[in-house]
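Right, one structure below, let's go through it.
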Amino acid sequence: MFSLYAFVLCFLFALCGASPVPVNGTVNVLEKRITHTGRGTWFNVGLGNCGQWNSNSDPIVAISKSLYDQNGGSNCGQWLTITNTANGKTANGYVRDSCPSCGYNDIDLSPSLFQKLGSLDTGVLKVSWHFQAKGWKP
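Numbered per mature numbering (1 follows the signal peptide of the UniProt record, and there is no 0), the sequence shown spans residues -18 to -1, 1 to 120.
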């Protein structure tokens, strides 16, 4: 009986020591995806709040100033996937600015990015959008 007990105890110790370890020593944590729904507008870009000059032909996104401030500007350079909820068109853009007049879930887009979702003449689109994982590129 003692040998069975010793065997089971040794087996349990061996099992506990066999926990998986990442190959490169790092652990990737996925951010929870939150889908935002708000207004999408367009603006003529320039020097953004992220400190870089941008062109109207770049896929630039300005997130609301409140969201930008909440994250301390850490979303600069992060890609978003944006969908026009009226026609289903989808496009990707990256954060390079903040929008002081936008509501929390609203975004302001460069003209070239806005045109992938709808006509500039429309001016305002109802959009849903979410951040991609940092480091993601289309």
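Where a beta carbon is used, it is the ideal one built from N, C-alpha and C, also for glycine.
query: Alpha carbon of Y76 to alpha carbon of L95, nearest angstrom; result: 10 Å
query: Alpha helix (DSSP H) segment containing K47, residue limits; result: 47 to 52
query: Segment limits, alpha helix (DSSP H) that includes S94; result: 93 to 99
query: Reduced DSSP category for P4 - H, G, I as helix; E, B as strand; rest coil; result: Because the pLDDT at P4 is just 49, under 50, the model does not fix this residue reliably, and the value given afterwards should be weighed accordingly. Of the three classes helix, strand and coil, the one that applies to P4 here is coil, per DSSP.
query: Contacts around V9, its chain only, beta-carbon distance under 8 Å, and the 5 residues preceding and following it disregarded; result: Confidence at V9 is low in this model, with a pLDDT of 37, below 50, so the placement of that residue is unreliable and no value is reported for it.
query: For D40, the three-state DSSP class (helix, strand or coil); result: coil
query: Endpoints, beta strand (DSSP E) assigned at Y76; result: 72 to 81
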